[in-house]
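Colleague: The structure's right below; bear with me while I get my questions together.
2 protein chains.
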Amino acid sequence: MTTEAHMRRPRIARRDMPPPTSMRPREEHAGVAIGLNAAIVAVAADEPVVLVVRDEADASGAVDGLPFGPFSPLDHRTLEIGLRSWVHEQTGLDFGYVEQLYTFGDRGRHAEPGDRTPHIVSIGYLALTSPGPGRELQRGTWRSWYHFFPWEDWRKGRPEILDAEIVPRLREWAARPQLHAAPARPVMREERVRVCFGLDGAAWDEEKVLERYELLYEAGLVEEASRDGREAARFWHDAPRLGAPMRFDHRRILATAISRLRAKIKYRPVVFELMPAEFTLYELQKTVEAILGPHLHKQNFRRLVESAGLVEPTGEVKTRTGGRPAKLYRYRREVLLERPSPGVRVKPGRA
Amino acid sequence: MTTEAHMRRPRIARRDMPPPTSMRPREEHAGVAIGLNAAIVAVAADEPVVLVVRDEADASGAVDGLPFGPFSPLDHRTLEIGLRSWVHEQTGLDFGYVEQLYTFGDRGRHAEPGDRTPHIVSIGYLALTSPGPGRELQRGTWRSWYHFFPWEDWRKGRPEILDAEIVPRLREWAARPQLHAAPARPVMREERVRVCFGLDGAAWDEEKVLERYELLYEAGLVEEASRDGREAARFWHDAPRLGAPMRFDHRRILATAISRLRAKIKYRPVVFELMPAEFTLYELQKTVEAILGPHLHKQNFRRLVESAGLVEPTGEVKTRTGGRPAKLYRYRREVLLERPSPGVRVKPGRA
DNA sequence: CTACATATACTCAATCGGAGCATATGGCAA
DNA sequence: TTGCCATATGCTCCGATTGAGTATATGTAG
Numbered sequence: 044m045t046t047e048a049h050m051r052r053p054r055i056a057r058r059d060m061p062p063p064t065s066m067r068p069r070e071e072h073a074g075v076a077i078g079l080n081a082a083i084v085a086v087a088a089d090e091p092v093v094l095v096v097r098d099e100a101d102a103s104g105a106v107d108g109l110p111f112g113p114f115s116p117l118d119h120r121t122l123e124i125g126l127r128s129w130v131h132e133q134t135g136l137d138f139g140y141v142e143q144l145y146t147f148g149d150r151g152r153h154a155e156p157g158d159r160t161p162h163i164v165s166i167g168y169l170a171l172t173s174p175g176p177g178r179e180l181q182r183g184t185w186r187s188w189y190h191f192f193p194w195e196d197w198r199k200g201r202p203e204i205l206d207a208e209i210v211p212r213l214r215e216w217a218a219r220p221q222l223h224a225a226p227a228r229p230v231m232r233e234e235r236v237r238v239c240f241g242l243d244g245a246a247w248d249e250e251k252v253l254e255r256y257e258l259l260y261e262a263g264l265v266e267e268a269s270r271d272g273r274e275a276a277r278f279w280h281d282a283p284r285l286g287a288p289m290r291f292d293h294r295r296i297l298a299t300a301i302s303r304l305r306a307k308i309k310y311r312p313v314v315f316e317l318m319p320a321e322f323t324l325y326e327l328q329k330t331v332e333a334i335l336g337p338h339l340h341k342q343n344f345r346r347l348v349e350s351a352g353l354v355e356p357t358g359e360v361k362t363r364t365g366g367r368p369a370k371l372y373r374y375r376r377e378v379l380l381e382r383p384s385p386g387v388r389v390k391p392g393r394a
Numbered sequence: 044m045t046t047e048a049h050m051r052r053p054r055i056a057r058r059d060m061p062p063p064t065s066m067r068p069r070e071e072h073a074g075v076a077i078g079l080n081a082a083i084v085a086v087a088a089d090e091p092v093v094l095v096v097r098d099e100a101d102a103s104g105a106v107d108g109l110p111f112g113p114f115s116p117l118d119h120r121t122l123e124i125g126l127r128s129w130v131h132e133q134t135g136l137d138f139g140y141v142e143q144l145y146t147f148g149d150r151g152r153h154a155e156p157g158d159r160t161p162h163i164v165s166i167g168y169l170a171l172t173s174p175g176p177g178r179e180l181q182r183g184t185w186r187s188w189y190h191f192f193p194w195e196d197w198r199k200g201r202p203e204i205l206d207a208e209i210v211p212r213l214r215e216w217a218a219r220p221q222l223h224a225a226p227a228r229p230v231m232r233e234e235r236v237r238v239c240f241g242l243d244g245a246a247w248d249e250e251k252v253l254e255r256y257e258l259l260y261e262a263g264l265v266e267e268a269s270r271d272g273r274e275a276a277r278f279w280h281d282a283p284r285l286g287a288p289m290r291f292d293h294r295r296i297l298a299t300a301i302s303r304l305r306a307k308i309k310y311r312p313v314v315f316e317l318m319p320a321e322f323t324l325y326e327l328q329k330t331v332e333a334i335l336g337p338h339l340h341k342q343n344f345r346r347l348v349e350s351a352g353l354v355e356p357t358g359e360v361k362t363r364t365g366g367r368p369a370k371l372y373r374y375r376r377e378v379l380l381e382r383p384s385p386g387v388r389v390k391p392g393r394a
């Protein structure tokens with residue numbers, strides 16, 4: 044078959060169609076660079092954390108960012124190889140599980156002020172890693188993801204920042220008359236706010252992390268919006284800083300990562316990437332709760348996990364739990380071969 | 044806040060770390076171009092179809108491809124705008140719903156033989172459109188997606204091509220001694236084949252379209268593998284062509300699109316993007332079955348769709364159904380505001 | 001007018017999922 | 001040493017969901 048094709052040129056049959064310049068020399072595509080960005084997540088002491096590196100070049104204050112670097116196809120055969128190489132270089136960390144999230148290309152959401160850079164297309168990745176030996180950082184810091192998204196932290200009930208700061212301003216923004224033409228299918232701002240933030244009887248959906256961040260960005264309520272020069276950001280004078288900002292579009296990528304992880308944990312056994320080799324069921328539950336929010340029924344969680352065949356007992360127990368010793372379990376890889384979509388199928392019920 | 048940052052340069056605090064060349068001028072990133080590719084899906088006469096354009100430049104035989112074009116940030120503010128513009132230019136079609144699928148960057152899976160192109164990173168999109176006025180094509184053809192993936196067509200029961208051609212060869216490939224070092228976590232080829240193709244008691248998972256295609260590619264059993272010069276492809280001499288090939292990595296993108304659509308239809312009301320404004324419940328069911336495979340219980344499907352609040356009756360009926368007239372329904376957009384994840388939650392039971 | 005084909009309504013049993021009660025067992029303090 | 005405490009673990013109960021089947025309604029074609 045390799046002999047069959049030879050001189051074929053990529054060209055679609057059409058008279059006046061532009062030839063696939065797509066595949067032409069690069070001069071025509073000036074200024075496109077591909078950035079690889081990794082949101083590397085772990086759970087340490089029941090706290091979900093993400094690996095950040097600091098930009099200390101600016102005296103006006105350091106800003107956290109994700110490990111990142113350009114994709115250079117001459118050096119790396121695949122995108123993922125490039126990503127791993129950048130992360131290793133910047134932090135010393137090698138991770139196991141990785142998954143692509145999304146490719147962002149919006150003009151204006153990547154540049155930092157004063158920069159005259161070419162257009163950047165950023166590909167975001169989610170990586171998971173577990174504590175334990177061989178996971179030491181050379182550079183960078185683990186930081187709680189709620190540091191960047193305080194309104195996502197429901198571990199002590201509904202976060203105060205929602206009613207104190209966010210909701211009133213979003214309501215004001217939603218009610219503001221829109222000068223420009225409404226979009227073709229008018230999803231009213233009010234409705235978006237309502238659905239994203241679970242107002243007026245709607246339920247809070249813990250998976251909508253990205254939607255919420257994007258809404259806040261659009262409303263000009265996060266620092267990145269003013270940094271990018273979004274018009275909506277100019278309306279606010281008394282607005283407090285909502286969560287810590289990140290460089291470039293990294294907070295958006297992190298929001299995507301959290302959304303994805305919160306969704307995927309329910310139908311794929313990804314939690315185990317965050318666990319040590321052996322663990323008790325309660326430790327497993329704590330890890331799930333760190334990611335989703337703490338509203339799981341202990342006995343049912345056990346039943347769920349055991350009956351799904353996700354784990355098997357090692358035969359040993361862990362004492363010093365403060366009560367009766369707990370059996371130790373390990374992940375059963377074989378579930379992948381047995382069930383179509385094994386995961387911690389918990390319902391996001393509210394506490 | 045816009046005043047706060049000014050001369051900040053993207054630089055991560057580290058002595059010997061490469062400065063984020065990521066954001067440097069393009070000379071260092073020679074040869075990276077971004078291709079935007081659209082898998083545009085519709086359902087016509089209960090057949091799932093995809094929009095393809097033909098490459099007729101080569102006398103040795105025309106090959107179907109997806110509408111595609113390069114992303115040029117100077118012309119298009121976002122990736123999606125660029126995509127819509129290319130599709131419109133190449134086919135005359137404007138579509139509504141669109142969603143990004145994945146970004147592929149593997150070296151060697153995009154080039155066509157004889158080509159000397161720079162490295163391409165392709166971003167795949169899934170777009171959905173419904174029949175009806177204003178949807179006429181100027182160029183391109185609608186083609187059944189089973190034309191490219193005959194082994195995915197379970198509408199008449201288990202497709203013969205599986206046992207006749209595919210499974211024996213995959214078993215042979217799996218049993219073949221692997222010369223190079225096994226991967227760190229040895230997921231045996233046998234197991235992959237078993238899980239992907241539902242052998243030895245494992246269930247066929249209709250969402251694993253991409254995994255199956257990738258396995259066939261790896262085993263050298265699809266034409267693209269030989270075109271790309273994959274070594275595994277040289278082993279086969281008597282192997283028939285498994286499904287129609289596509290240009291570049293377009294069949295991979297289409298496989299991703301089918302996988303995504305089959306998964307998403309279950310938890311998001313995306314079917315309605317494929318339906319006309321008014322429809323009967325059976326028409327809706329037929330559309331779902333065209334996508335997932337025909338194994339739905341009619342009465343339960345009705346109950347499901349109605350009780351989920353996905354549709355509402357228009358009050359009218361459609362006669363000439365061949366029997367009792369059927370009520371007409373329309374999509375209830377409000378579900379989006381009411382339920383966290385509304386979709387046609389059907390189980391993939393086998394017929 | 002009647003047979004037919006499809007639409008629609010209703011029933012029943014099995015299963016699942018949420019919630020709580022009951023029991024087991026090591027640690028620790030009186 | 002004993003008994004309390006905290007946590008682990010086992011089990012029950014009930015309502016909601018779901019798979020599958022039966023029964024009824026109402027057009028069209030002959």
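Listed in order, the protein sequences are those of chains A and B. Numbering-wise, the first sequence is residues 44 to 394 according to our numbering. Numbering-wise, the second sequence is residues 44 to 394 according to our numbering. Note that CB positions come from ideal geometry on N, CA and C, so glycine has one too. Computed from a prediction, not measured in an experiment: that's the story for all the values here.
(1) Sort out for me which residues DSSP pairs Asn343/A with in a bridge.
(2) Helix, strand or coil, according to DSSP, for His338/B in the structure here?
(3) On a CA-only basis, which of Asp243/B, Glu234/B, Gly78/B and Met289/B is nearest Ile163/B? Give me that one, please.
(4) Let me make sure I understand the geometry here. Which of Arg237/A, Asp89/A and Ile204/A has the alpha-carbon closest to that of Ala218/A?
(5) At a CB distance below 8 Å, what residues from the stretch 304–316 of chain A approach chain B? Give them in sequence order.
(6) Assuming Ala85/A and Ala300/A make a contact with CB atoms under 8 Å, what is their CB distance in whole Å?
(7) How far does the beta strand (DSSP E) with Gln143/A in it extend, from its first residue to its last?
(8) Between the alpha carbons of Thr64/A and Asp149/B, how many angstroms are there, rounded?
(9) Using Cβ-Cβ distances below 7 Å, what residues of the stretch 193–207 of chain B are close to chain A?
(10) At the level of alpha carbons, what is the spacing between Ile334/A and Arg198/A?
(11) Measure the alpha-carbon distance for Thr357/B versus Leu324/B and round it to whole angstroms.
(12) Beta strand (DSSP E) containing Glu132/B: first to last residue?
(13) If I follow the unbroken alpha helix (DSSP H) through Glu377/B, where does it start and stop?
(14) Check the C-beta distance from Leu339/A over to Val389/A and give it rounded, since I have them as a contact under 8 Å.
(15) On the DSSP bridge assignment, give the partners of His162/A in chain order.
(16) Using 7 Å as the limit for Cβ to Cβ distance, is Leu171/B near chain A?
(17) Which residue from Pro220/B, Arg345/B and Gly244/B puts its Cα closest to that of Gln328/B?
(18) Going along chain B in order, which residues have a C-beta closer than 7 Å to the C-beta of Ile77/A?
(19) Report the option in Phe191/A, Glu179/A and Gly167/A whose CA atom is closest to the CA atom of Phe138/A.
(20) Please name the residue or residues paired with Pro383/A in a DSSP beta bridge.
(21) Sorted by chain position, which residues of the same chain lie with C-beta nearer than 6 Å to Ala287/B's C-beta, five sequence neighbours on each side aside?
(22) Hey, is Val331/A's beta-carbon within less than 7 Å of any beta-carbon in chain B?
(23) Leaving aside the five residues before and after Arg290/A along the sequence, list all residues of the same chain whose C-beta is less than 6 Å from its C-beta, in chain order.
(24) Using the beta-carbon count (16 or more within 10 Å), is Glu70/A buried or exposed?
(25) So, is the C-beta of Pro116/A closer than 7 Å to a C-beta in chain B?
(26) Could you list which residues in chain B have their beta carbon closer than 8 Å to that of Thr121/A, in chain order?
(27) Please confirm whether Pro385/A has its beta-carbon closer than 7 Å to some beta-carbon of chain B.
(28) How big is the Cα-Cα spacing for Met231/B and Ala245/A?
(29) Run through DSSP, which three-state label would Leu169/B get?
(30) Using a Cβ-Cβ cutoff of less than 7 Å, which residues in the same chain neighbour Glu90/A once the five nearest sequence positions on both sides are dropped?
(31) Please classify His72/A: is it buried, with 16 or more other beta-carbons within 10 angstroms of its beta-carbon, or exposed?
(32) Is Thr184/B helix, strand or coil by DSSP?
(33) Under three-state DSSP, which class holds Asp107/A?
(34) Between the alpha carbons of His131/A and Thr330/A, how many angstroms are there, rounded?
(35) Given a cut-off of 7 Å on the beta-carbon distance, is the pair Ala268/A and Leu213/A in contact?
(36) My output table needs one value for Val389/B: the three-state DSSP class, helix, strand or coil.
Modeller: Reading from the atomic positions:
(1) DSSP links Asn343/A through a beta bridge to no other residue.
(2) DSSP places His338/B in coil when its eight states are reduced to three.
(3) Proximity to Ile163/B across Asp243/B, Glu234/B, Gly78/B and Met289/B peaks at Gly78/B, based on C-alpha coordinates.
(4) The residue with the shortest Cα to Cα distance from Ala218/A is Arg237/A.
(5) The stretch 304–316 of chain A vs chain B, Cβ under 8 Å: nothing.
(6) Rounded to whole angstroms, the Cβ separation of Ala85/A and Ala300/A is 12 Å, and the two are not in contact under 8 Å.
(7) That run of the beta strand (DSSP E) goes Tyr140 to Phe147.
(8) Annotation note: pLDDT 40 at Thr64/A (below 50); position unreliable, coordinate value reported separately. Annotation: Thr64/A to Asp149/B spans about 20 Å, alpha carbon to alpha carbon.
(9) Residues: none.
(10) Ile334/A and Arg198/A have their C-alpha atoms roughly 10 Å apart.
(11) In a straight line, the C-alpha of Thr357/B is about 12 Å away from that of Leu324/B.
(12) Counting along the chain, Glu132/B falls outside any beta strand (DSSP E), though it belongs to the alpha helix (DSSP H) covering Leu122 to Thr134.
(13) For Glu377/B, there is no enclosing alpha helix (DSSP H), since its DSSP letter is neither H nor E.
(14) That pair is a contact at about 6 Å.
(15) Partner residues in the beta bridge of His162/A, as assigned by DSSP, are Val75/A.
(16) Answer no: the Cβ-Cβ gap between Leu171/B and chain A never drops below 7 Å.
(17) The residue among Pro220/B, Arg345/B and Gly244/B with its C-alpha nearest the C-alpha of Gln328/B is Arg345/B.
(18) Correct list: Val75 and Val164.
(19) Out of Phe191/A, Glu179/A and Gly167/A, Glu179/A has the C-alpha closest to the C-alpha of Phe138/A.
(20) Per DSSP, Pro383/A has no beta-bridge partner at all.
(21) Only His190 and Phe191 meet the Cβ criterion.
(22) With 7 Å as the cut-off, Val331/A does not count as an interface residue toward chain B.
(23) The beta carbon of Arg290/A lies closer than 6 Å to those of Asp98, Val106 and Gly108 in the same chain, with the five residues before and after it left out.
(24) Note that Glu70/A scores a pLDDT of 41, beneath 50, so its modelled location is shaky and nothing firm can be said.
(25) Residue-level contact check: Pro116/A touches chain B, since one or more beta carbons of chain B fall below 7 Å from its beta carbon.
(26) Within chain B, the residues whose beta carbon sits less than 8 Å from that of Thr121/A are Gly148, Asp149 and Arg150, listed in sequence order.
(27) Judged by the 7 Å Cβ criterion, Pro385/A is not in contact with chain B.
(28) Approximately 46 Å, taken between the alpha carbons.
(29) In the three-state scheme derived from DSSP, where H, G and I count as helix and E and B as strand, Leu169/B is classed as strand.
(30) Non-local C-beta neighbours of Glu90/A in its own chain, meaning closer than 7 Å and more than five positions away in sequence, comprise Ser187 and Ala333, ordered along the chain.
(31) Note that His72/A has pLDDT 44, beneath the 50 cutoff, so the model's placement of it is unreliable and no number is given.
(32) Strand at Thr184/B.
(33) Shown here, Asp107/A sits in a strand according to DSSP, grouped into three states.
(34) In this structure, the alpha-carbon of His131/A lies about 25 Å from that of Thr330/A.
(35) Cβ distance not < 7 Å, so Ala268/A and Leu213/A don't count as in contact.
(36) Coil, per DSSP.
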